[in-house]
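So the sequences go chain by chain: P and W. Residues in the first sequence are numbered consecutively from 0, following numbering that gives the first Met the number 0. Residues in the second sequence are numbered consecutively from 0, following numbering that gives the first Met the number 0. Ideal placement from N, C-alpha and C gives every residue a C-beta, glycine not left out. Below is one structure, written out as structure tokens; the observations come after it.
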Amino acid sequence: MTDDDRVFKALADPTRRFLLDRLFVRDGRTLTELESDLAMTRFGVMKHLRVLEAAGLVVSRRSGREKRHFLNPVPIRLIHDRWIGKYRERHVSALAALKNQLEERT
Amino acid sequence: MTTATEKRVTTQVYRVFIKAKPQAIWDAITRPEWAEKYGYACRVEYDLRPGGAYRSFANEPMKAHGMPDVIIVGEVIEADPPRKLVQTWHPLWDAQASAEPATRLTWEITEEPGGICRLTVTHDVSGAPSLVPMVAGEVPNAGGGWPFVLSDLKTLLETGKALGR
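Right, dumping it as structure tokens:
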């Protein structure tokens, strides 16, 4: 599985997207905090966090006795730069070509 | 308004996996000729010893926008090449950022199997609320913050070419 596959697979699940949304609102949450937002066992939440960590979308850090989870947007940015950025470029160059054509006519 | 009241983040953590040697990543972070090639394309100066100075210089387009010559200053706290760099980081690009206290930035490079390194950037932005959306890349037309810088660094080291150039 490539890095991109792992990211898309991780994002393909609503619970995992919900966890990312929670971390977007406030980063650095513990498992206990994340668990309290979900009607799911602690083990279930841990499993989802593991998938998110394997995809690089969540980075966990120990601070003292606690393990805190941070949203890491870099893998999404990489996908953006590699795919969306490419399409946008084409879009922009299409607009530039249109502008040139229109201006030539006048 | 849960987003406004809840979003009191003081630490941001960014991680990227790069197919490169630890020394190459270290050089890309700390050497002036490398730092100009990716991200915001600003030349940096590091005196890599505890207490040593760090400076980041505005590039020509930034100066044309009225930014000062030196846009970020800081001090090296710990330098363990090519594994760990801890520094303070104090932007001077506008009055608000200048008035906030210096923040703390930690770079960690860990070698993984298969010629891959894990680069983790931890930015403690305590006391500097104007930087929270800025370095996270959430301010429109202000570049893309750390996600943009690290994505571009990966692209440069793996392909020899940065994104915008």
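Own chain partners of residue i with C-beta closer than 7 Å, once the 5 adjacent residues on each side are dropped
| i | result |
| --- | --- |
| Thr29/P | Glu65, Lys66 and Arg67 |
| Thr9/W | Asp123, Val124 and Ser125 |
| Arg42/W | Pro31, Ala34, Glu35 and Phe56 |
| Thr2/W | Any reading at Thr2/W must be qualified, since the residue scores a pLDDT of 45, below 50, and its modelled position is unreliable; no value is offered. |
| Leu10/P | Arg16 |
| Met133/W | Ala141 and Gly144 |
| Arg48/W | Val75 and Ala78 |
| Leu97/P | none |
Nearest-angstrom beta carbon gap, residue j and residue i [assumed within contact, 8 Å]
| i | j | result |
| --- | --- | --- |
| Val15/W | Leu118/W | 5 Å |
| Ala127/W | Pro100/W | 6 Å |
| Asp80/P | Ser125/W | Contact doesn't hold; Cβ gap of about 30 Å is too wide. |
| Gly142/W | Ala135/W | Wrong, their Cβ atoms sit about 11 Å apart, outside the cutoff. |
| Leu51/P | Arg15/P | 6 Å |
| Leu84/W | Ile28/W | 7 Å |
| Tyr39/W | Ala161/W | Going by Cβ atoms, the distance from Tyr39/W to Ala161/W rounds to 11 Å, so no, they are not a contact pair. |
| Glu32/P | Arg41/P | Between Arg41/P and Glu32/P the Cβ distance is about 12 Å, and since that is not below 8 Å, they are no contact. |
| Gln86/W | Ser129/W | Actually they are not in contact, since the Cβ atoms of Gln86/W and Ser129/W sit about 19 Å apart, beyond 8 Å. |
Collapsed DSSP secondary structure at residue i in the structure displayed
| i | result |
| --- | --- |
| Gly50/W | coil |
| Asp80/P | helix |
| Thr4/W | Legend: pLDDT at Thr4/W = 41, less than 50; position of this residue unreliable, value from coordinates given subsequently. Note: Thr4/W maps to helix in three-state DSSP. |
| Asp68/W | coil |
| Val75/W | strand |
| Leu51/P | helix |
| Gly136/W | coil |
| Pro111/P | For residue 111/P there is no data in the structure shown, the boundaries of chain P being 0 and 105. |
| Lys46/P | helix |
| Thr1/P | coil |
| Ser129/W | coil |
| Leu56/P | coil |
| Leu37/P | coil |
| Thr154/W | helix |
| Thr10/W | strand |
| Glu35/W | coil |
| Arg21/P | helix |
Chain P within 8 Å of residue i, Cβ atoms only
| i | result |
| --- | --- |
| Leu130/W | no |
| Lys153/W | yes |
| Val12/W | yes |
| Leu156/W | no |
| Gly143/W | yes |
| Pro146/W | yes |
| Thr119/W | yes |
| Met0/W | With a pLDDT of 40 at Met0/W, under the threshold of 50, the modelled position of that residue is not reliable, and the figure given next carries that caveat. Not closer than 8 Å to any Cβ of chain P, the Cβ of Met0/W fails to qualify, so no. |
| Val15/W | yes |
| Leu149/W | yes |
Closer than 8 Å to chain W by CB, residue i
| i | result |
| --- | --- |
| Asn99/P | no |
| Asp3/P | no |
| Asp12/P | no |
| Asp36/P | no |
| Arg16/P | no |
| Arg76/P | yes |
| Asp20/P | no |
| Val58/P | yes |
| Val73/P | yes |
| Gly63/P | no |
| Phe42/P | no |
| Phe69/P | yes |
Same chain, Cβ closer than 6 Å to residue i, five either side skipped, listed in chain order
| i | result |
| --- | --- |
| Pro21/W | Pro81, Ile108, Glu110 and Cys116 |
| Asp6/P | Position check: residue 6/P holds Val in this sequence, whereas Asp was assumed. Ala54 and Pro74. |
| Asp2/P | none |
| Ser97/W | Leu91 |
Same chain, Cβ closer than 8 Å to residue i, five either side skipped, listed in chain order
| i | result |
| --- | --- |
| Gly51/W | Tyr45, Glu74, Val75 and Ala78 |
| Lys6/W | Reliability fails at Lys6/W, whose pLDDT of 47 lies under 50, so the model's placement of it is uncertain and the value that follows must be treated cautiously. Val131, listed in sequence order. |
| Ile24/W | Ile17, Pro81, Ile108, Cys116, Leu118, Leu152 and Leu156 |
| Val69/W | Arg54, Ser55, Phe56, Ala57 and Leu91 |
| Phe69/P | Leu22, Asp26, Gly27, Val57, Val58, Ser59 and Arg60 |
| Asp20/P | none |
Problem set entry | Entirely enclosed alpha helix (DSSP H) segments - the region 92 to 122 of chain W, minimum 4 residues | The region 92 to 122 of chain W contains these whole alpha helix (DSSP H) runs: 94 to 98.
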